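Enquirer:
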Amino acid sequence: MKIGLFTDTYYPQINGVATSVLMLKNNLELRGHQVYVFTTTDPKADSEEINVYRVPSIPFISARRVGMFYNPRLSRIIKKIGLDVIHTHTEFSLGIFGRAMARELNIPFLHTYHTIYEDYTHYIGKLGILDPIAKMAVRKISINFCNSADKVVVPTNKVEELLLSYNVKQDISVIPTGIELNKFYKSNFGFDDVQNLRENLGIREKDKVLLFIGRLAKEKNIEEILIAMKYYLEDKEDVKFLLIGDGPEKDILEEKAKELGINKKTIFAGEKPWNDIGIYYQLGDIFISASQSETQGLTYIEALASGVPVVAKADRCLDGVLKDNVNGYAFHNQDDFIKALDSILNTNSKKESLSIEAVKSTEKFSAENFASKVEELYKNMIYIENKYQRISV
Numbered sequence: 126m127k128i129g130l131f132t133d134t135y136y137p138q139i140n141g142v143a144t145s146v147l148m149l150k151n152n153l154e155l156r157g158h159q160v161y162v163f164t165t166t167d168p169k170a171d172s173e174e175i176n177v178y179r180v181p182s183i184p185f186i187s188a189r190r191v192g193m194f195y196n197p198r199l200s201r202i203i204k205k206i207g208l209d210v211i212h213t214h215t216e217f218s219l220g221i222f223g224r225a226m227a228r229e230l231n232i233p234f235l236h237t238y239h240t241i242y243e244d245y246t247h248y249i250g251k252l253g254i255l256d257p258i259a260k261m262a263v264r265k266i267s268i269n270f271c272n273s274a275d276k277v278v279v280p281t282n283k284v285e286e287l288l289l290s291y292n293v294k295q296d297i298s299v300i301p302t303g304i305e306l307n308k309f310y311k312s313n314f315g316f317d318d319v320q321n322l323r324e325n326l327g328i329r330e331k332d333k334v335l336l337f338i339g340r341l342a343k344e345k346n347i348e349e350i351l352i353a354m355k356y357y358l359e360d361k362e363d364v365k366f367l368l369i370g371d372g373p374e375k376d377i378l379e380e381k382a383k384e385l386g387i388n389k390k391t392i393f394a395g396e397k398p399w400n401d402i403g404i405y406y407q408l409g410d411i412f413i414s415a416s417q418s419e420t421q422g423l424t425y426i427e428a429l430a431s432g433v434p435v436v437a438k439a440d441r442c443l444d445g446v447l448k449d450n451v452n453g454y455a456f457h458n459q460d461d462f463i464k465a466l467d468s469i470l471n472t473n474s475k476k477e478s479l480s481i482e483a484v485k486s487t488e489k490f491s492a493e494n495f496a497s498k499v500e501e502l503y504k505n506m507i508y509i510e511n512k513y514q515r516i517s518v
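The sequence shown lines up with residues 126 to 518 when you count with this note's numbering.
What follows is the structure in structure tokens.
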């Protein structure tokens, strides 16, 4: 098959959608398909990337970019390629372009709904009393785009239920996004390399590390973690909170850590290259998060694949990912959070058993399994489209 993936964000950008599209492209190609990505320009993009076409774009909110809604030059290229199916990963510029091309070419068009936009309206200035209107607007955009597709894909039941509550009428398939699990396995990383990295970050050999990897943004709810840390780290000299990532809240969070008196035990290490991120998971004894904005939470799965137990705020996106007392714990409040941390850090046997089960629990999230399920969806859609066209003739 010749497959077109349309997305506003793509590697080298680091976020869940960019990672999902990259994994899908790589693994569909391994299955023998020709995969073309249509995305926005990025100053860090590799000029040698294969079958990736970029449209002129400008920076947008939350480190994203927005491109042209229709590009005549690229339209001619797409028609020459002869795509069999179009799969969009955004409701905005490149998604609109992908939908237009699917209609022009009369080929199947499916859409993955990745982002709960209601959790991101705070980026549109200081809305105040207008925020409910903004949330209603993004709901409307989501409804209209999803209903215009031939098929909608979501990563979790949480997102399916959200779209149904929006009154999305289109058929929905739940397919969890896959990751390349082997990139995170502990066996890939030498002991000396991990120890050197710890030293470079100011982490002592005896220190235990509470780890967060992700964007430092309001929707990640990191401030709640910092407030809990004030109480948790108070009498613990050998525990550090390590944050890997960058984002609009970094300066605010650093100031908050100082205000809470935990800045000497909190390490803001900044954003790291995607190809190197695996070794940073090896620094963690526990991966922690209080985010409620995830559609799936790929970092949770990456942490588990690394053998790092997860302690995360209870959320529907954790269904099928986090199993209490098996590979980590879900918490509802600060007391739950602190009890979970103590349960793991104070008992080596507990940490070891959670770590073993963490790795086992990620097998179903392999990139190969993900690509196989999406491939099957493409084939069914193409078969139905061809059958419909024969009947019409």
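Just so you know, even glycine gets a beta-carbon here, dropped at the ideal spot from N, CA and C. Given the structure is predicted, the values throughout are model-derived calculations rather than measurements.
1) Determine the closest residue to G129 out of S491, V446, V177, with distance taken between C-alpha atoms.
2) Can we say the region 137 to 145 touches the region 163 to 176, given the rule of at least three CB pairs closer than 8 Å?
3) How would you write the range of the alpha helix (DSSP H) that L443 sits in, first residue to last?
4) CA-CA distance, F217 and D376?
5) State the Cα-Cα distance for the pair Y310 and F194, rounded to the nearest angstrom.
6) Per DSSP, what kind of secondary structure is I241 in: helix, strand or coil?
7) How should Q320 be labelled, buried or exposed, when 16 other C-beta atoms within 10 angstroms of its C-beta is the threshold for buried?
8) Please classify G315: does DSSP put it in a helix, a strand, or coil?
9) Quick check on DSSP: helix, strand or coil for N231?
10) With 16 other CB atoms within 10 Å as the buried threshold, where does F316 fall?
11) Just the Cα atoms here: how many angstroms apart are I297 and N473?
12) According to DSSP, which residues form a beta bridge with Q159?
13) Run the CB neighbour count on D133, radius 10 Å, all protein chains shown included, and call it buried at 16 or more, exposed below.
14) Given this structure, state the Cα-to-Cα distance separating P197 from V263, to the nearest angstrom.
15) In angstroms with no decimal places, state the Cα-to-Cα distance between E510 and S182.
16) Hey, E349 and A415: beta-carbon distance below 7 Å or not?
17) Give the range of the beta strand (DSSP E) segment to which K383 is assigned.
18) In whole angstroms, what separates the C-alpha of Q421 from that of A342?
19) Between which residues of its own chain and Y357 is the CB-CB distance below 6 Å, once the five residues before and five after are set aside?
20) Can you tell me which of the three DSSP states F456 falls into?
21) Helix, strand or coil for L252 per DSSP?
22) Does the count of Cβ pairs from the region 431 to 449 and the region 400 to 420 closer than 8 Å reach three?
23) Kindly indicate which three-state DSSP category S182 falls into: helix, strand or coil?
24) Using the beta-carbon count (16 or more within 10 Å), is T144 buried or exposed?
Expert: Reading it off the structure:
1) V177
2) yes
3) Per DSSP, L443 belongs to no alpha helix (DSSP H) and is neither H nor E.
4) 29 Å
5) 40 Å
6) coil
7) exposed
8) coil
9) coil
10) exposed
11) 43 Å
12) K127
13) buried
14) 28 Å
15) 33 Å
16) yes
17) Note, K383: premise wrong, no beta strand (DSSP E); alpha helix (DSSP H) at 375 to 385.
18) 17 Å
19) I463
20) strand
21) Confidence in L252 is poor, its pLDDT being 49 and thus under 50, which makes the residue's placement unreliable; the coordinate value appears in the next sentence. DSSP places L252 in coil when its eight states are reduced to three.
22) yes
23) strand
24) buried
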